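This report concerns only the one structure given below.
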Amino acid sequence: MSNERTRILVVDDEEIVRESLGGWLEKDGYTVVVAPDGPSAIARLEAERWSILVVDLKMPGMDGLQVLEEAKRLQPELAVVIMTAYATVDTAVAAMKGGAYDYLVKPFDPEELSIMMQKIVSQQLLVRENTVLRQALKQEYRFRDLLSKSPAMQSVFELAKTAARSSSTILVLGESGSGKEVLARAIHAESPRAEGPFVPVSCAALTETLLESELFGHEKGSFTGATARRKGKFEAADGGTLFLDEVGDIGPKLQLDLLRVLEERKFHRVGGNETIGVDVRIIAATNRDLRKAAVEGKFREDLFYRLNVIPVLIPPLRARREDVPLLVEHFVERLGIEMKRRIDGVSPDAMTALMAHDWPGNVRELRNVLERGAVVATGPVIQLADLGLPSKADVAPRPGTLASLEEVEKRHVAAVLAHTGGNVSQSARILGIDRVTLYNKMRKYGIRRDGEDDSPGAAR
Amino acid sequence: MDPIFVWWIGEEEPDPQLVEHVRLHLARAFRRPAAIWDGEARPRHAFDPRRRQHASGVILRWLLEAGPGGGKVLGVTDRDLFIPILTYVFGEAQLGGRAAVVSTARLVEDVELVGPQLLVERLAKEAVHEIGHAFGLVHCDGEGCVMGRSPAVREVDAKSSELCAECRARLGTQGEG
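From first to last, the protein sequence lines stand for chains A and B. Okay, so the first sequence: first residue is 2 according to the working numbering, each after it adds one. Okay, so the second sequence: first residue is 36 according to the working numbering, each after it adds one.
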């Protein structure tokens with residue numbers, strides 16, 4: 002019987018009411034406990050979970066409305082029914098405003114009580130079933146930390162799971178923020194190398210010589226500043242997976258070095274003669290069209306083929322909008338845990354806007370937007386205005402003001418960074434400058450990766 | 036095996052057929068002897084002049100004192116019953132106890148239109164239902180089961196006078212209750 006799981010707490014200062022109502026509900030199969038006053042009811046609420054609280058409005062000391070308030074704070078999902086000896090509009094309004102499920106006027110009709118309890122039970126059952134179903138669905142839509150119900154992504158998951166079992170090189174293609182590294186980590190975790198290290202390297206973040214030493218390590222004295230021998234990422238990833246992010250950004254010399262390692266699984270440290278052999282699975286990633294770059298002679302064709310053994314293309318978020326609600330729910334849940342506060346979700350118009358947005362920064366941008374929303378939101382529901390989604394007017398200078406060239410540049414750089422979800426490489430490409438120049442401009446104007454002003458005292 | 040006693044405690048003259056019908060139904064439903072208990076006493080102190088109804092809880096306690104010393108006892112009355120929190124009840128029982136009471140006062144709805152057999156059937160159902168509580172059974176969602184909740188005559192008419200297989204099984208495990 003479904004009622005067995007329903008626990009009802011009856012609170013009334015009159016023993017005869019507690020007895021007769023408790024007895025009646027027990028015959029309905031509910032688990033019933035009675036309490037004679039507010040404070041003892043609160044103690045019960047603090048100690049255990051309850052499904053329904055039936056509380057008398059008028060009690061000496063702590064009254065029903067005070068119990069209601071405290072109960073909703075302790076157990077927000079609790080259905081609270083207020084009992085009153087005579088209904089006045091005021092008490093009914095106060096009870097409903099305070100979050101009561103309903104109220105009953107004593108003595109009440111057995112049919113009314115029976116129907117009300119059944120309604121609460123079936124609603125709570127629906128909520129529980131919904132939660133279980135959602136969790137089951139999430140498992141189905143999940144590949145480790147990746148979440149999607151789109152058919153395109155489902156086949157990505159399938160391919161990735163199959164590829165994980167082999168040691169072949171995998172090339173992950175996808176726009177910035179689409180989750181290339183998350184997929185690489187998932188493949189590593191699914192592979193027989195899961196116990197080994199996962200070593201990520203961003204090839205775009207370093208100059209060619211630094212990247213060379215980063216990848217292969219160096220011997221002491223091999224260049225100015227090389228004061229000690231240092232192992233590179235290839236050695237660090239021995240027995241595991243090396244993730245080469247933004248592999249399309251590496252220069253010609255490193256392309257050749259990388260090709261050699263991929264062919265021979267052996268290399269030298271910078272400035273060293275010793276041949277070092279490693280057992281490393283390579284997962285490379287890029288948001289560039291490497292095939293086109295290879296045809297145009299900007300990327301070694303032989304290296305392209307070495308990397309392109311198993312290509313996996315992650316579709317951009319705008320091509321799988323059906324994932325937005327699923328991802329929103331997932332991030333909102335995670336943000337709630339991280340921020341230790343209650344976030345129930347986003348408002349319907351916020352969801353509409355999120356569904357309509359183009360997401361150039363993909364899932365990363367979505368997460369950033371939701372994080373901002375969660376910080377700014379005053380209630381448990383994130384509103385449209387909290388999200389700060391860029392409207393077209395934001396990028397253009399405000400009418401009626403004549404800004405300096407520097408001011409316009411600062412604003413534009415910040416807008417592009419916000420647009421790409423903080424992706425420096427993509428922002429640099431949009432702006433038509435190299436990354437170093439962009440970093441310099443960010444430093445100069447005090448702009449953080451997310452496009453926000455970093456200057457002290459800046460309004461946030 | 037302890038019997039179930041059926042005792043007319045109404046103010047009007049009892050209808051012997053009605054009481055006999057209840058007795059037969061109880062004997063069949065609980066597979067044990069059921070007997071008529073005859074006593075002159077009536078629970079008049081249970082009358083609440085403010086509500087103009089009889090308090091069923093008071094009657095239950097009185098049945099234990101004034102009725103037979105053993106077995107289960109079902110008081111059948113023509114007076115309207117209430118418990119303090121509800122406007123009326125068709126009957127009440129001690130869950131897993133000895134005493135139960137049912138009233139015909141509200142079961143007579145539409146009887147004039149349909150015929151006296153309707154009241155006989157309704158009373159038998161509510162009698163089995165209340166004695167079921169005295170045997171420790173709680174309300175049941177099984178289709179047509181007599182232990183289904185019936186806050187109005189509509190629900191009484193909709194259910195059967197039988198215990199469903201599950202309630203019967205529970206009855207077996209709970210024994211005398």
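For every residue, glycine included, the Cβ atom is placed at its ideal position computed from N, Cα and C. Quick caveat: nothing in here was measured; it's all calculated off a predicted structure.
* Helix, strand or coil: which one does DSSP assign to H420 (chain A)? -> Taking the first residue of the first sequence as position 1, residue 420 (chain A) is located at position 419. It is helical.
* Could you tell me how far apart the beta carbons of E323 (chain A) and K150 (chain A) are, in whole angstroms, since I believe they sit closer than 8 angstroms? => Here residue 323 (chain A) is taken as the residue at index 322 of the first sequence, counted from 1. Here residue 150 (chain A) is taken as the residue at index 149 of the first sequence, counted from 1. 6 angstroms between Cβ atoms; contact.
* Are three or more beta carbon pairs between the stretch 113-133 of chain A and the stretch 152-159 of chain A nearer than 8 angstroms? -> no
* Asked: Hey, does P108 (chain A) have any beta-carbon neighbour from chain B nearer than 8 angstroms?
  -> Here residue 108 (chain A) refers to the residue found at position 107 of the first sequence. So, interface residue.
* **Which listed residue (A:E191, A:G23 and A:G272) has its alpha carbon closest to that of E220 (chain A)** => Taking the first residue of the first sequence as 1, we reach residue 220 (chain A) at position 219. Taking only the C-alpha atoms, the option nearest E220 (chain A) is A:G272.
* Can you list, in chain order, the residues of its chain whose CB lies under 7 angstroms from that of C204 (chain A), leaving out five sequence neighbours each side? -> For the purposes of this step, residue 204 (chain A) is identified with residue 203 of the first sequence, where counting begins at 1. When the five nearest sequence neighbours on each side are left out, the beta carbons in the same chain lying within less than 7 angstroms of the beta carbon of C204 (chain A) are those of L212, L245, D246, E247, V248, D250 and I251, in order along the chain.
* For Q88 (chain B), which three-state DSSP category applies? -> Here residue 88 (chain B) refers to the residue found at position 53 when the second sequence is read from its first residue. Of the three classes helix, strand and coil, the one that applies to Q88 (chain B) here is strand, per DSSP.
* Which term fits G374 (chain A), buried or exposed, when burial requires 16 or more other beta carbons within 10 angstroms of its beta carbon? -> As a first step, residue 374 (chain A) must be located in the first sequence, where it is residue number 373. It counts as buried.
* Where the beta strand (DSSP E) containing T112 (chain B) begins and where it ends -> Residue numbering aside, residue 112 (chain B) sits at position 77 when the second sequence is read from its first letter. Per DSSP, T112 (chain B) belongs to the beta strand (DSSP E) from K107 to T112.
* To do: Assign R184 (chain B) to one of three DSSP states: helix, strand, or coil.
  => As a first step, residue 184 (chain B) is located in the second sequence; it is residue number 149 there, counting from the start. Coil at R184 (chain B), not helix or strand.
* Examine chain B for any beta-carbon lying closer than 8 angstroms to the beta-carbon of L22 (chain A), and answer yes or no. => The residue you call residue 22 (chain A) lines up with position 21 of the first sequence. Yes, L22 (chain A) lies at the interface with chain B (some Cβ there is under 8 angstroms from its Cβ).
* To do: Give me the Cα-Cα distance between A169 (chain B) and Y142 (chain A), rounded to the nearest whole angstrom.
  => For the purposes of this step, residue 169 (chain B) is taken as residue 134 along the second sequence, with counting starting at 1. For the purposes of this step, residue 142 (chain A) is taken as residue 141 along the first sequence, with counting starting at 1. Per the coordinates, the alpha-carbon of A169 (chain B) lies some 51 angstroms from the alpha-carbon of Y142 (chain A).
* Asked: Listed in chain order, which residues of the stretch 167-199 of chain B have Cβ atoms closer than 8 angstroms to some Cβ of chain A?
  -> H168, V173, H174, C175, D176, R184, P186 and A187
* Asked: Hey, quick one: how far does the beta strand (DSSP E) through G167 (chain B) stretch, first residue to last?
  -> For the purposes of this step, residue 167 (chain B) is taken as the residue at position 132 of the second sequence. That residue, G167 (chain B), is in no beta strand (DSSP E); its alpha helix (DSSP H) goes P151 to A169.
* **Closest by C-alpha distance to P108 (chain A), when choosing among A:D29, A:T85, A:N424 and A:Y102** => Taking the first residue of the first sequence as 1, we reach residue 108 (chain A) at position 107. Closest in C-alpha terms to P108 (chain A), from the list A:D29, A:T85, A:N424 and A:Y102, comes A:T85.
* Asked: Assuming Y123 (chain B) and R141 (chain B) make a contact with CB atoms under 8 angstroms, what is their CB distance in whole Å?
  -> As a first step, residue 123 (chain B) must be located in the second sequence, where it is residue number 88. As a first step, residue 141 (chain B) must be located in the second sequence, where it is residue number 106. Contact holds; Cβ gap of about 6 angstroms.
* To do: Output, in sequence order along the chain, the residues in the stretch 125-158 of chain B whose CB is closer than 9 angstroms to any CB in chain A.
  => F125, E127, A128, Q129 and L130
* Does the stretch 358-374 of chain A come close enough to the stretch 415-422 of chain A that 3 or more CB-CB pairs lie under 8 angstroms? -> yes
* **Nearest to R114 (chain B) (by Cα), restricted to the options B:A90, B:F40 and B:F65** => For the purposes of this step, residue 114 (chain B) is identified with residue 79 of the second sequence, where counting begins at 1. Nearest option by C-alpha distance: B:A90.
* Are L216 (chain A) and F199 (chain A) touching if we call contact CB-CB under 8 angstroms? -> To locate residue 216 (chain A), count along the first sequence from 1; it is residue 215. To locate residue 199 (chain A), count along the first sequence from 1; it is residue 198. No, the Cβ-Cβ distance between L216 (chain A) and F199 (chain A) is not below 8 angstroms.
* Asked: When we look at the beta-carbon of L131 (chain A) and count the other beta-carbons within 10 Å, is it buried (16 or more) or exposed?
  -> For the purposes of this step, residue 131 (chain A) is taken as residue 130 along the first sequence, with counting starting at 1. Contrary to the premise, residue 131 (chain A) reads as Asn rather than Leu in this sequence. N131 (chain A) is exposed by the Cβ-count criterion.
* Counting contacts by CB-CB distance shorter than 8 angstroms, is D29 (chain A) in contact with chain D? -> Absence of chain D from the displayed structure is noted, the protein chains being A and B.
* For T353 (chain A), name the three-state secondary structure that DSSP assigns. => As a first step, residue 353 (chain A) must be located in the first sequence, where it is residue number 352. If DSSP states are grouped into helix, strand and coil, T353 (chain A) belongs with the helices.
* Asked: Looking at the unbroken alpha helix (DSSP H) that takes in V122 (chain A), where does it start and where does it end?
  -> Along the first sequence, read from residue 1 onward, the residue named residue 122 (chain A) stands at position 121. Unbroken alpha helix (DSSP H) run through V122 (chain A): P111 to E141.
* Can you tell me which of the three DSSP states M36 (chain B) falls into? => On the second sequence, residue 36 (chain B) is found 1 positions in, with the first residue counted as 1. In the structure shown, M36 (chain B) sits in coil (DSSP, three-state: anything other than H, G, I, E or B).
* Kindly list the residues whose CB is nearer than 7 angstroms to the CB of L53 (chain B), restricted to its own chain and excluding five residues on each side of it in sequence; keep chain order. => What you label residue 53 (chain B) is simply residue 18 of the second sequence in a count that begins at 1. The residues are V155 and L158.
* Residue interval of the beta strand (DSSP E) (run including K267 (chain A)) -> The residue given as residue 267 (chain A) occupies position 266 in the first sequence. It spans K267 to H269 - the beta strand (DSSP E) in which K267 (chain A) sits, taken as one unbroken run.
* Asked: Along the stretch 88-116 of chain B, what residues have a CB closer than 8 angstroms to any CB found in chain A?
  -> Under the 8 angstroms Cβ criterion, the stretch 88-116 of chain B contributes G92.
* Asked: For the stretch 109-128 of chain A, which residues have a beta carbon sitting closer than 9 angstroms to at least one beta carbon of chain B?
  -> Taking 9 angstroms as the cut-off between beta carbons, the residues of the stretch 109-128 of chain A near chain B are F109, D110, P111, E112, E113, L114, S115, I116 and Q119, in sequence order.
* Is any beta-carbon of chain A found at less than 8 angstroms from that of T208 (chain B)? -> Counted from its first residue, the second sequence places residue 208 (chain B) at position 173. No, its Cβ sits nowhere closer than 8 angstroms to a Cβ of chain A.
* Asked: Among the residues of its own chain, which have a CB less than 6 angstroms from the CB of A62 (chain B), if the five just before and after it don't count?
  -> Here residue 62 (chain B) refers to the residue found at position 27 when the second sequence is read from its first residue. Excluding positions up to five away in sequence, the list reads A69.
* **Unbroken beta strand (DSSP E) run spanning V106 (chain A), endpoints** => On the first sequence, residue 106 (chain A) is found 105 positions in, with the first residue counted as 1. Per DSSP, the unbroken beta strand (DSSP E) holding V106 (chain A) starts and ends at D103 to V106.
* To do: Check D359 (chain A) in the structure and name its three-state DSSP category.
  => Here the question's residue 359 (chain A) lines up with position 358 in the first sequence. Three-state result, D359 (chain A): coil.
* May I have a chain-ordered list of the beta strand (DSSP E) segments no shorter than 3 residues that lie completely inside the stretch 278-312 of chain A? => Within the stretch 278-312 of chain A, the runs of beta strand (DSSP E) that reach at least 3 residues and sit entirely inside it are, in chain order, 282-287.
* To do: Check the DSSP bridge columns for E127 (chain B) and list the partner residues they point to.
  => Indexing the second sequence from 1 puts residue 127 (chain B) at position 92. In the DSSP output, where bridge partners are listed per residue, E127 (chain B) has B:V136.
* To do: Identify the contact partners of P119 (chain B) in chain A, using a Cβ-Cβ distance below 9 angstroms as the criterion.
  => For the purposes of this step, residue 119 (chain B) is taken as residue 84 along the second sequence, with counting starting at 1. Neighbours of P119 (chain B) on chain A, chain order: E15, I17, V18, E20, S21, L22, K107 and P108.
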